[in-house]
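Numbering-wise (our numbering), the sequence shown opens with residue 13 and increments by one. Backbone N, C-alpha and C fix where the C-beta goes; we use that ideal spot for every residue, glycine too. Quantities reported herein were computed from a predicted structural model and do not represent experimental measurements. Structure first, commentary second.
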Amino acid sequence: MDPAALIPTPDAIPVHWGWLQLLLQTTLFCHILLMNITVGTACIALVGYIRDRGAPSPCTELVVRAMPFTIAFTVNFGVAPLLFGQVLYGQFLYTSSILMAVFWLAIVGLLIVAYALAYFAKHLPAGSGSGRPAVAVLTALLLLATAFFFVNNFSLMQAPASWSRYFAHPRGLLLNLGDPTFIPRFLHFIVGAVAIGGLAIALWFRWRRSQGEDSADRWIGHGCRWFSFATLANAGIGLWFLASLPHGLIPPATSTGRLFLLCLAGGSVFALAALFFGLSNRAVPALACILVTLALMLGARSLLRATLLAPWFSLEQLPLAPATTPFMLFVLILAAGLALIAWMMRFTLRAMDGGGQQP
């Protein structure tokens, strides 16, 4: 069957696709950063509890105390890029969501349970016999399962040639496990999150050191080690992912190929700089470098998605039905919402600094 016959007709967009692409990349950057903090710190806490047999530490206590906030912010910041993605690539994203509908709908339940458990863990007493470590570990596993299904959907939407499998298994249980890029893509996602999670821990304890906490240096080093070694491992996984792509997918001689290589090369240089600063326990310059790396890698990701979908679709083909006024109103409301969230984050940090009490 011709995969093109399975692709629905795209809806019209209200403004030029470039504006929507810019908003997608910007909001996705914020979401990915928060998601990395949430999933990465959860993984670090999971390892910490297993290694210490449930004994609490300042690091695991920080993660458990912050988890309800980070999950909430991650989910809320994920709404905008999901909507922009649906506007630009809805005919692919909606279809892949239907193909794996059972798992996609399960994400809602997984996140609700993880969020509830995060609050439950936060209010349990610390200690290996309190049940808090088990609840925190289960929360981390639920977040990993959510990430697994998300990566499945966003890789499946880019592979229309595999959609015909639905006719043999029309139960909404399709996953993209047969794609050779899937495993390195998922590992790249998770290990990158661990790196950002470690850096977030280091930055928090660096701030605590500025407030006079004597033991903060140990945990700054702990977070920087997680960041550095995860970044180093992720470089190898990234090469694995690139090697798993179809040969000649993005020819370097094309403008897309040159831009793709530029993003990869720039991201690699800043990642190496971040690694150097991480190994030196210099969390702030490491953060500056890794933010540039993240932006460049998201650019490379966008170019790769466009190339994978090129046989069936390009953004230039989207029909345009101009509606500038509603779009500008949406942008203004989005800006107001972001300002409100920034205020809420300041409020949250004050609450966390007070041990979870209201400021």
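**Prompt:** Taking just the CA atoms, how far does H200 sit from L95?
**Reply:** Our two residues, L95 and H200, have alpha carbons roughly 24 angstroms apart in a direct line.
**Request:** With a 10 Å radius around its C-beta and 16 neighbouring C-beta atoms as the bar for buried, classify F179 as buried or exposed.
**Result:** The residue in question, F179, is exposed, as its Cβ has fewer than 16 Cβ neighbours within 10 Å.
**Asked** How many angstroms separate the CA atom of N246 from the CA atom of F89?
**Response** Their backbone Cα atoms lie some 25 angstroms apart in a straight line.
**Message:** Just verifying my parser: in three-state terms, what is the DSSP assignment at L332?
**Reply:** L332 falls in the strand class under three-state DSSP.
**Request:** Drop a sphere of 10 angstroms on the beta-carbon of H43, count the other beta-carbons inside from all chains shown, and report buried for 16 or more, exposed for fewer.
**Result:** Buried.
**Request:** Assign I25 to one of three DSSP states: helix, strand, or coil.
**Result:** In the three-state DSSP reduction, I25 falls in the strand class (E or B).
**Asked** What distance in whole Å lies between the Cβ atoms of L100 and L36, which are believed to be in contact at a cut-off of 8 angstroms?
**Response** That belief holds up - the Cβ atoms of L36 and L100 are roughly 6 angstroms apart, short of 8 angstroms.
**Asked** In three-state DSSP terms, what is S174?
**Response** DSSP, read as helix, strand or coil, puts S174 in helix.
**Message:** Taking the alpha helix (DSSP H) that E73 belongs to, which residues open and close that run?
**Reply:** 70–111 is the extent of the alpha helix (DSSP H) around E73.
**Message:** Going by DSSP, what residue range makes up the alpha helix (DSSP H) through M309?
**Reply:** Run containing M309: 295–321, per the alpha helix (DSSP H) assignment.
**Where the alpha helix (DSSP H) containing F162 begins and where it ends** = F162 -> alpha helix (DSSP H) spans 144–168.
**Message:** Checking 8 angstroms against the spacing of the C-beta atoms, do A322 and I302 come in under that value?
**Reply:** Here A322 is not near I302, since their CB atoms are 8 angstroms or more apart.
**Prompt:** Does DSSP put F325 in a helix, in a strand, or in coil?
**Reply:** DSSP places F325 in coil when its eight states are reduced to three.
**Request:** My understanding is that F115 touches A307, with C-beta atoms under 8 angstroms, so please give their C-beta distance in whole angstroms.
**Result:** Incorrect: roughly 30 angstroms between the Cβ atoms, too far for contact.
**Prompt:** So, helix, strand or coil for A265, using DSSP?
**Reply:** For A265, the secondary structure class from DSSP, reduced to helix, strand or coil, is coil.
**Prompt:** Can V203 and A242 be called in contact, C-beta distance under 8 angstroms?
**Reply:** For V203 and A242, yes; Cβs fall inside 8 angstroms.
**Asked** For L291, which residues from the same chain have a beta carbon less than 7 angstroms from its beta carbon, with the 5 sequence-adjacent residues on both sides left out?
**Response** Around L291: S240.
**Item:** Per-residue DSSP class, three states only, for T193
**Value:** In this structure, T193 counts as coil in the three-state DSSP scheme.
**Prompt:** Mapping DSSP to helix, strand and coil, what is P373?
**Reply:** Given that the chain is displayed from residue 13 to residue 371, the structure contains no residue 373 and the question cannot be resolved.
**Message:** Please report the straight-line C-alpha distance between F288 and G52, rounded to a whole angstrom.
**Reply:** Taking the Cα positions, F288 is about 20 angstroms away from G52.
**Message:** In whole angstroms, give me the CA-to-CA distance for G368 and G349.
**Reply:** Because G368 carries a pLDDT of 42, less than 50, the predicted location of this residue cannot be relied on, and the following value inherits that uncertainty. The C-alpha of G349 is placed about 24 angstroms away from the C-alpha of G368.
**Request:** With DSSP as the reference, label N246 as helix, strand or coil.
**Result:** Here N246 sits in helix by DSSP.
**Message:** Is the separation between the beta-carbon of F85 and that of A118 shorter than 8 angstroms?
**Reply:** With contacts defined as CB atoms closer than 8 angstroms, F85 and A118 fail to qualify as a contacting pair.
**Item:** Reference A312; option with closest CA among G250, A335, W29, R77
**Value:** Closest by alpha carbon: G250.
**Message:** Could you tell me the alpha carbon to alpha carbon distance between P15 and G97, rounded to whole angstroms?
**Reply:** Approximately 21 angstroms, taken between the alpha carbons.
**Item:** Cβ pair P20, T158 closer than 8 angstroms
**Value:** No Cβ-Cβ contact shorter than 8 angstroms links P20 with T158.
**Below-8 angstroms beta-carbon distance, D23 vs any chain B residue** = Included in the structure is just one protein chain, with no chain B present.
**Request:** Have a look at L111, K134, G121 and flag the residue whose alpha-carbon is nearest the alpha-carbon of P182.
**Result:** Ranking L111, K134, G121 by Cα distance to P182 puts L111 first.
**Prompt:** What do you reckon, are the CB atoms on L332 and I49 nearer than 8 angstroms?
**Reply:** When the beta-carbon positions are compared, L332 and I49 stay at least 8 angstroms from each other.
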